[in-house]
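Chemist: One structure, pasted below without further comment.
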Amino acid sequence: MRRGLLAILVAVAQVAHAFSDAQVRAIASHGPWPPAFKADPSNRVSGNKDAIDLGERLFFERRFSSNGDISCSRCHLAERNWTDGEARARGLALVDRNTPSVANVRLQRWFGWDGAQDSLWAQGIRPILDPREMGSSAAQVATLMRADADLLCRYRKVFGAPLPDDDKLLVDLAKALSAFQETLASGRTAFDEFRDALLRQDAAGIAKYPAPAKRGLHIFIGRGSCSTCHAGPAFTNGEFHDTGVPFFIEPGRVDPGRHEGIKKLLSSRYNLLGPYSDDANRSGATGTKHVVLEHRNFGEFKTPSLRNLALTAPYMHNGRLATLRDVVNHYSNISPDRLHSDGEAILKPLQLSEQEAQDLVAFLQSLQDGGGNYRRKPFAADCR
Amino acid sequence: MKRWLLLALLAPAAQACELPGGAAQPVKSATTTVLFRTVPLRIGEHFAVEFAVCPTPQAVKVDAWMPDHRHGMNYKPTIAALGGGRYRAEGLMFHMAGRWEFVFEVRSGSKTERLAHSVRIE
């Protein structure tokens, strides 16, 4: 009798966690992981081994900053999924936004919270020149390169000789930085194992995925509509949305987000339509050519990837929310009054129960890998 | 008799609306037919729309939006006229799953028509 009751309970539990065909397709769309490498056509050294090596050195190089003390790795820490744990980044001064992760960054279409850059190499130039971050210049970077025999040797191995003018040299170094960052990939997660087990109908594999995560996944792809924007293998559609997070930086100063980002993009000489792209027929510049500036872009910020997000607190473009639970509560209780009146009609308060909120957090935590692929190696000045 | 003859003469012209190169989706009003296909159509990727408009209009635009979400695309397509009432629009992107609506705006003389077609993208 007891055994029969147990079997019924197990069957009920299985039904409760079952996914419809449409849900299985939705889950399948979040993989496979990892995606295959695809070289960046705008960067002639994308995927180049020597460029990756040079880029890695540059990533940790502090001498490019105006005070000689700030490198990319100041804010992008491997152990924090390439973020810094601060609400807002701090270089030479406090920056307006939260440090975005550079894990899986090669999969993005736009770079930065406002998408003001359309390539990873153009994004690499921005913090070098920003007076609040590294506060440097093309001339300072070129002077250092010309004086450092090892870096110069490595540059020539990748790009050849002679050295170009300062601006072109800065772009080349940013392309090496980009080649390195393209290698920063997060690993497989409990969710990926579940997804693949589901597709091959592997009952044992499906059963390994915890029940709270399964229930949270139901909310994520269903009632929560989270996957509307957090779409695809990287859990981002790569586009921009107003999520009701206040965009006042401080009293009297606002962050215009994507609205300003599009203006910066289109006026930048480093964009994919400009002279520094190595993509001769501009095949990768379709977005830059066709992007349109609209009033609704004001206060929109890029949808971040959710992979490894348990390591990237605090959250949102300004680090306003401290924990994953705070993020879930934000979407559970969001006030439509905080959204643009002429903006998208996507977000509504989810009004999650305590159990549902916990389940959604459990699902988000299941997007964490076993430690990523990066291992820092010692740098030797041994280039010949 | 004359009326039937006239209709018979007109019929081949109406049937001549075609878009060479494969299957195409028709969208019709009382006076206009649009045949279109997407090349390719995947969420989060730029795609093109090849289309024919019959009869050939003076001007045409194509756009798309999500009526349920009350937003359009983040990109403005460019349209190239290929001749004979055929066109190719580049630079469209559906950046999220759900119901999208293509809108073809066709102008002939002083008249502008909007022909819409819904698609659900997963």
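The listed protein sequences derive, respectively, from chains F and E.
Per this note's numbering, the first sequence starts with residue 722, numbered consecutively.
Per this note's numbering, the second sequence starts with residue 8, numbered consecutively.
Note that beta-carbon positions come from the ideal geometry of N, C-alpha and C, so glycine has one too.
Fair warning: this is a prediction, and the values are worked out from it, not measured in the lab.
Three or more C-beta pairs closer than 8 Å, one from the segment 53-66 of chain E and one from the segment 102-113 of chain E: is that the case here?
Modeler: yes
Chemist: Does DSSP put Phe1019(F) in a helix, a strand or coil?
Modeler: coil
Chemist: Does Ile1067(F) have its Cβ less than 8 Å from a Cβ in chain E?
Modeler: At least one chain E Cβ lies under 8 Å of Ile1067(F).
Chemist: Going along the segment 945-962 of chain F in order, which residues come within less than 8 Å of chain E, judged by CB to CB distance?
Modeler: Ser948, Thr949, Cys950, Ala952, Gly953, Asn958, Gly959, Glu960 and Phe961
Chemist: From Pro885(F), Ile1055(F), Ser741(F) and Trp754(F), pick the residue whose C-alpha is nearest to that of Phe956(F); which is it?
Modeler: Trp754(F)
Chemist: Taking 8 Å as the cut-off, does the segment 919-929 of chain F touch the segment 759-778 of chain F (at least 3 CB pairs, one atom from each stretch)?
Modeler: no
Chemist: Which residue or residues does DSSP assign as beta-bridge partners of Tyr94(E)?
Modeler: Phe58(E) and Ala88(E)
Chemist: Check the Cβ of Val1013(F) against every Cβ in chain E and list those closer than 7 Å, keeping chain order.
Modeler: Asn81, Tyr82 and Lys83
Chemist: Interface residues of chain F around Glu129(E) at Cβ under 7 Å?
Modeler: For Glu129(E), the C-beta contacts it makes with chain F under 7 Å involve Arg746, in order along the chain.
Chemist: Listing by chain order, which chain E residues have their CB less than 9 Å from the CB of Thr1007(F)?
Modeler: His53, Tyr82, Glu97, Gly98 and Met100
Chemist: Quick check on DSSP: helix, strand or coil for Asn764(F)?
Modeler: coil
Chemist: Under 8 Å, do Arg746(F) and Glu129(E) count as touching if we go by C-beta distance?
Modeler: Yes, the pair counts as a contact, with Cβ atoms nearer than the cut-off.
Chemist: Starting from Lys929(F), trace the alpha helix (DSSP H) both ways and give me its first and last residue.
Modeler: Ala924 to Lys929
Chemist: For Arg49(E), decide whether its Cβ has a neighbour in chain F, counting only Cβ atoms nearer than 8 Å.
Modeler: no
Chemist: Can you list, in chain order, the residues of its chain with a C-beta nearer than 8 Å to that of Ala20(E)? Leave out the 5 residues immediately preceding and following it.
Modeler: Because Ala20(E) sits at a pLDDT of 42, beneath the cut-off of 50, its placement in the model cannot be relied upon, and the following sentence gives the value as read from the coordinates. If we look at Ala20(E) and ignore the five residues flanking it on each side, it has no Cβ neighbours.
Chemist: Would you mind telling me which residues of chain F sit closer than 8 Å to Gly105(E), beta carbon to beta carbon, in chain order?
Modeler: Within chain F, the residues near Gly105(E) are Thr949.
Chemist: Hey, is Lys1010(F)'s beta-carbon within less than 8 Å of any beta-carbon in chain E?
Modeler: yes
Chemist: Does any C-beta atom of chain F lie closer than 8 Å to the C-beta of Arg121(E)?
Modeler: Not one chain F Cβ lies under 8 Å of Arg121(E).
Chemist: Would you say Asp1090(F) and Thr910(F) are within 8 Å of each other, going by their C-beta atoms?
Modeler: yes
Chemist: Tell me, which residues are paired with Ala128(E) by DSSP?
Modeler: A small fix is needed here, since residue 128(E) is Ile in this sequence, not Ala. Gly105(E), per the DSSP bridge assignment.
Chemist: Along the chain, where does the alpha helix (DSSP H) containing Cys1086(F) start, and where does it finish?
Modeler: Here residue 1086(F) is Gln; the residue named in the question, Cys, does not match the sequence. Note, Gln1086(F): alpha helix (DSSP H), Glu1075 to Gln1086.
Chemist: Given the structure, does Cys61(E) come close to the ligand FMN, in the sense that its CB is under 7 Å from one of the ligand's heavy atoms?
Modeler: Judged by which ligands are present, the structure shown has none, so any question about the ligand FMN falls away.
Chemist: Contact between the segment 832-840 of chain F and the segment 971-987 of chain F: three or more CB pairs below 8 Å?
Modeler: yes
Chemist: Taking the CB atoms as reference points, tell me whether Phe3(E) and Ala123(E) lie closer together than 8 Å.
Modeler: Residue 3(E) cannot be examined here, being either before or after the span of chain E that is shown, 8 to 129.
Chemist: Comparing the C-beta of Arg93(E) with each C-beta of chain F, is any distance below 8 Å?
Modeler: No, its Cβ sits nowhere closer than 8 Å to a Cβ of chain F.
Chemist: Say whether chain F places a C-beta atom closer than 8 Å to the C-beta of Arg77(E).
Modeler: yes
Chemist: Who are Pro33(E)'s beta bridge partners in DSSP?
Modeler: Leu42(E)
Chemist: Kindly list the residues whose CB is nearer than 7 Å to the CB of Ala104(E), restricted to its own chain and excluding five residues on each side of it in sequence; keep chain order.
Modeler: The beta carbon of Ala104(E) sits closer than 7 Å to those of Ile50, Ile128 and Glu129, all from its chain and outside the five residues before and after it, given in chain order.
Chemist: Can you give me the start and stop residues for the alpha helix (DSSP H) that Ala749(F) sits inside?
Modeler: In this chain, the alpha helix (DSSP H) harbouring Ala749(F) covers Asp742 to Ala749.
Chemist: Looking only at C-alpha atoms, which of Phe781(F), Asn788(F), Gly789(F) and Ala799(F) sits nearest to Gly845(F)?
Modeler: Phe781(F)
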